[in-house]
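Q: Top to bottom, those sequences are chains A and V.
Per my numbering, the very first residue in the first sequence carries number 601; after that it's consecutive.
Per my numbering, the very first residue in the second sequence carries number 601; after that it's consecutive.
All C-beta atoms, glycine included, are put in the ideal place defined by N, C-alpha and C.
Can you read through this structure? Questions will come right after.
Number of protein chains: 2
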Amino acid sequence: MVMPASAVAAPESGVPGSMGDVRRSNLSLVLGRIAEAPAGVHLSRAQVASATGLTKASVSSLVLDLLEAGLVREVGLSQQGRGRPSVGLELHPARSVMGMEINVDYISAGVTDLAGNLLVRETQERDNRSGGHVPVLAALAGLAAKVRAAAGDGGVQVLGGGLAVPGLVDPAAARVLTAPNLGWTNVDLDLGALLPDVPLGVELFNEANAAALAELRHRPDGASDFVFVSGEVGVGGGLVVGSELFTGPGGHAGEVGHIVVDPEGVRCSCGGTGCLETLSGQDAILAAAGIAAESRTRTESIEALVRALNDGQPRALSAVERAGRYLGVALASTARVMNIGSVVLGGHFAVLDPWLRVPLLNSLERYAPGRFAPEQVGLSAVGQAGALLGAAGSVVRSLVDAPHRLQ
Amino acid sequence: MVMPASAVAAPESGVPGSMGDVRRSNLSLVLGRIAEAPAGVHLSRAQVASATGLTKASVSSLVLDLLEAGLVREVGLSQQGRGRPSVGLELHPARSVMGMEINVDYISAGVTDLAGNLLVRETQERDNRSGGHVPVLAALAGLAAKVRAAAGDGGVQVLGGGLAVPGLVDPAAARVLTAPNLGWTNVDLDLGALLPDVPLGVELFNEANAAALAELRHRPDGASDFVFVSGEVGVGGGLVVGSELFTGPGGHAGEVGHIVVDPEGVRCSCGGTGCLETLSGQDAILAAAGIAAESRTRTESIEALVRALNDGQPRALSAVERAGRYLGVALASTARVMNIGSVVLGGHFAVLDPWLRVPLLNSLERYAPGRFAPEQVGLSAVGQAGALLGAAGSVVRSLVDAPHRLQ
DNA sequence: ACGATTAGTTTATTGCCTGAACTATATGCG
DNA sequence: CGCATATAGTTCAGGCAATAAACTAATCGT
């Protein structure tokens, strides 16, 4: 049995299908084609018809719905050879979505159009570890309102949003289960208050999961199956299987940072023992490299580490070597369990790639021989903004999956 | 984003939906309800209608199709209080599917009806390690023909089949990538020749995956998310997520036996290092327990081990303790990556449960604290026949998913 | 100017589900 | 016995969505 194709025409499993589902499915199909077109290329109704297999008549009718919903816009005429010129179709540039991020030492909010172009973004430095979650959310709501107003001045309407936090989340319940680096446990978020009066609401994401979605959208190779591992203080992970985020039964799969890579290892902040994070997280690497964390921001510490590596300091080199080796152990196990043989490195793993790559590849070859070609280990295509872009993009994705929600 | 519900009305992603898809979806829905009913309970059209949400008119029409396809049968009348008595519906008892299994030292074939009751089964002892795959498949084809004839004498028609093999498979290509214990590498199977002239063909499965499907069907608690781990010479695994087998992008996810649990460990038959199999597989346990494998079948060796455990022999106890401990390491990592907190033990893990359970639970608590309640570690409900039942049952499942294939 | 060519719309048809009316078959009570 | 009541299942008109084919619209080439 193969993974099911993503549900196209069904409202839910176990519920009767009716012709309305067909309409929804085909609306999604048409909107998806229009959204997929490269920037600057505007498909015509006829092109959409031949690309989807729908008839011209059906596409005309479906496009009419999308125009009325304000999701799609007609743009100029264009002539291809003989015949009547075609009317271009594009995602409506005045419809947008918001991405938000709460991290340890900043909050951030940004608006992208439906094609994923960042229109506005603001980041606010802020120590989010003290004072609990209430002031953080209040500050973020303010920042979001500001960014939204800026977008609104440009005539852009925000349809919905996504929020990324560095911790375990229950998206259905809008609840942060644990975010060790924020010191949050079982925090219920009022997502509605964060971005009031948007038709599509606000979705909650784990940071690495959101970043994985951003990678999915922006990867030049168009890979549809990979593990994204993000090295921060913690080690986060996001699993993309069949161009979908895999979140598991409870919504928080992908904790690559807590794979056990050394059963005799030290205690982890998660309560476990010998997790990858205890050997390849930032604190572990900096400590092993002999770089004191005190009186420095984390960015500065990583910069110091890179200098040490460039200087060829043995302690730094062996610290990174160890991190790469154990990262390989965890990814080898992931490859075996999930059958994914492609990796995208983010956070400090991307920064340290020049020194990390060889030990990582060696480790992969030792623990999962023949499963990872070197070109299957890539670096993040979106970098720092990944979580925000991914959270925003996921709203677009859910909109494309169910365009009827805006009618 | 949550796992998509299984596609109900869509043929495939990226293809236009039409009204025929609605029909297919609803056929599946109706057949599914009829199949779900407990043994001996026969739903009426009216009950199916209220259970599914379809109208009586639609259900009547859909049931007619299923009757004509021979998938469903009307059975007697039954009176519930007042009113016209209802006509019972059941899966047609004369339609059946075949499950087949190739293992190291036997081949087996059996026929079950669509409700999963085993009608005939034959097992043939056979050394499948020598001589390559051709004679094995010839022998299995013979055995299948025999079993099919026996079922045919009872008036039962075989609609399709499933074959389980102990190795990595590519189901789409009908290819066994590697089956170390059989000595097979990149073997293409002619599944059509194995069971000629069946309308639904033959599907190929990894043995543990098939067994996981059988567990899914027969679990008393009706769990829909679990890891099945089967202890044999190798350690196999099957992942069930949302009542679906998770096979990963390439079709061979779930290799729990090759999670790295000891990076400094010994070489594994898969080419890796420190795999779970090298510490919790049968050979590893028997060797650590000091039980010589020579001049015994594997069953006898395990029996000897159980005697030693009952006698309280320290070497045997510590061997099993170690196996349980490392099994816990692997399952803790699986829980983190897949977000699955429920386990079903099969093979020797089930047999050794009295001695294995405590170290396993301790290990789970150490490496993934709070994720596994003791009652979430269960034993196989189907035992030895699991792979065969699962392979057969998967054909029923795919038939319920797409009943129109028989019309 | 006019045919060729391509884009998009209109119209008739088909398939499928729905709701309401209808038929069928039982029970229970006077 | 007869009739009200209740439940199962069928028939039929209506609506929606996709399709195919005919039709209108707009442009190019000669």
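To the nearest angstrom, report how far apart Tyr706(V) and Leu782(V) are at their CA atoms.
A: Distance between the alpha carbons of Tyr706(V) and Leu782(V) is about 11 Å.
Q: Is the beta carbon of Gly872(A) sitting closer than 8 Å to the one on Ala892(V)?
A: Result no, Cβ atoms of Gly872(A) and Ala892(V) do not sit closer than 8 Å.
Q: Using a Cβ cut-off of 8 Å (strictly closer), state whether Ser918(V) contacts chain A.
A: No, because no Cβ of chain A sits closer than 8 Å to the Cβ of Ser918(V).
Q: Find the nearest neighbour of Ala985(A) within the set Gly822(A), Glu807(A), Gln882(A), Ala923(A), judged by alpha-carbon distance.
A: Here the closest residue by C-alpha is Glu807(A).
Q: Quick check: is the beta carbon of Glu815(V) nearer than 8 Å to any beta carbon in chain A?
A: For Glu815(V), the answer is no, since every Cβ of chain A falls outside 8 Å of its Cβ.
Q: Establish whether the CB of Gln629(A) and some CB of chain V are separated by less than 8 Å.
A: The residue asked about is misnamed: residue 629(A) is Leu in this sequence, not Gln. Answer yes: the Cβ-Cβ gap between Leu629(A) and chain V drops below 8 Å somewhere.
Q: Please report how far the alpha carbon of Leu671(A) lies from the alpha carbon of Gly851(A), in whole angstroms.
A: Straight-line Cα distance between these residues: approximately 29 Å.
Q: So the alpha helix (DSSP H) Leu886(A) belongs to, where does it begin and stop?
A: Here the alpha helix (DSSP H) through Leu886(A) covers 882 to 889.
Q: Would you mind giving the Cβ-Cβ distance between Ser824(V) and Ser843(V), rounded to the nearest angstrom? I have them listed as a contact below 8 Å.
A: Ser824(V) to Ser843(V), Cβ: 4 Å. Contact.
Q: Cβ of Val995(V) within 8 Å of Cβ of Leu631(V)?
A: No, they are not a contact pair.
Q: From the DSSP output, in three-state form, read off Ser708(V) for me.
A: Correct three-state label for Ser708(V): strand.
Q: Would Met938(A) count as contacting chain V if we go by Cβ distances under 8 Å?
A: Cβ-Cβ to chain V under 8 Å: yes for Met938(A).
Q: Please list, in chain order, all residues of the same chain as Ala739(A) whose beta carbon is under 8 Å from its beta carbon, the five residues on each side excluded.
A: The answer, listed in chain order, is Ile707, Gln724, Arg726.
Q: What is the residue span of the beta strand (DSSP E) that Ser625(V) lies within?
A: Run containing Ser625(V): none in the beta strand (DSSP E); it sits in the alpha helix (DSSP H), 619 to 636.
Q: Going by beta carbon distance, what residues of the same chain come within less than 7 Å of Leu662(A), once the five residues before and after it are set aside?
A: The residues are Asn626, Leu627, Val630.
Q: In terms of alpha-carbon separation, which member of Pro771(A), Val747(A), Leu945(A) lies closest to Asp790(A)?
A: It is Pro771(A).
Q: From Val615(V) to Gly653(A), what does the alpha carbon distance come to, in whole angstroms?
A: Their backbone Cα atoms lie some 7 Å apart in a straight line.
Q: Could you check whether the Cβ of Thr723(V) sits closer than 8 Å to any Cβ belonging to chain A?
A: For Thr723(V), the answer is no, since every Cβ of chain A falls outside 8 Å of its Cβ.
Q: Give the residues of chain A in contact with Pro849(V), contact being defined as C-beta atoms less than 7 Å apart.
A: Chain A residues near Pro849(V): Asp825, Val841, Gly842, Asn939, Ile940.
Q: Could you give the distance in angstroms between the alpha-carbon of Gly620(V) and the alpha-carbon of Val798(V)?
A: Approximately 25 Å between the Cα atoms of the pair.
Q: Any idea what DSSP makes of Val866(A), helix, strand or coil?
A: Three-state result, Val866(A): coil.
Q: Enumerate, from N- to C-terminal direction, the unbroken beta strand (DSSP E) stretches of 3 or more residues contained entirely within the region 802 to 826 of chain V.
A: DSSP runs (the beta strand (DSSP E)) wholly in the region 802 to 826 of chain V: 802 to 806.
Q: Name the chain V residues whose beta carbon is nearer than 7 Å to that of Met619(A)?
A: Under the 7 Å cutoff, chain V gives Met619, Val622.
Q: Against chain A, does Val776(V) count as a neighbour if the rule is that its beta carbon must be under 8 Å from one of theirs?
A: Val776(V) does not count as touching chain A.
Q: Between the beta-carbon of Ala853(V) and the beta-carbon of Met700(A), is there less than 8 Å?
A: The answer is no: Cβ separation not under 8 Å.
Q: Would Gly874(A) pass as a contact of Gly881(A) if the rule is Cβ separation under 8 Å?
A: No, the Cβ-Cβ distance between Gly874(A) and Gly881(A) is not below 8 Å.
Q: When Cβ atoms are compared, which residues of the region 950 to 967 of chain A fall closer than 8 Å to chain V?
A: Residues passing the 8 Å Cβ filter: Arg966, Tyr967.
Q: What number of angstroms, rounded off, separates the C-alpha of Ala774(V) from the C-alpha of Val765(V)?
A: Whole-angstrom Cα-Cα distance: 11 Å.
Q: Residues of chain A with CB under 9 Å from His1004(V), in chain order?
A: Those do not exist, as His1004(V) stays about 13 Å from chain A at its closest Cβ, beyond 9 Å.
Q: So for Gly755(V), helix, strand or coil by DSSP?
A: Reduced to three states, the DSSP call for Gly755(V) is coil.
Q: Give the interface partners of Thr785(V) over in chain A, defined as CB-CB distance under 9 Å, in chain order.
A: Per Cβ cutoff of 9 Å: no residues; Thr785(V) is ~12 Å from chain A at best.
Q: Where DSSP assigns a beta bridge to Met698(A), which residues make up the other side?
A: Beta-bridge pairing links Met698(A) to Val711(A), Gly761(A).
Q: Name the residues in the region 922 to 934 of chain A whose C-beta lies less than 7 Å from a C-beta of chain V; which are they?
A: Listed by position, the residues of the region 922 to 934 of chain A near chain V (Cβ gap below 7 Å) are Val929, Ala932, Ser933, Thr934.
Q: Does the beta carbon of Glu900(V) sit closer than 8 Å to a beta carbon anywhere in chain A?
A: No, Glu900(V) does not count as interfacial toward chain A.
Q: Is the Cβ of Ala779(A) closer than 8 Å to any Cβ of chain V?
A: No - not a single Cβ of chain V is within 8 Å of the one on Ala779(A).
Q: Compare the C-beta of Pro638(A) against all C-beta atoms of chain V and say whether one is closer than 8 Å.
A: With 8 Å as the cut-off, Pro638(A) does not count as an interface residue toward chain V.
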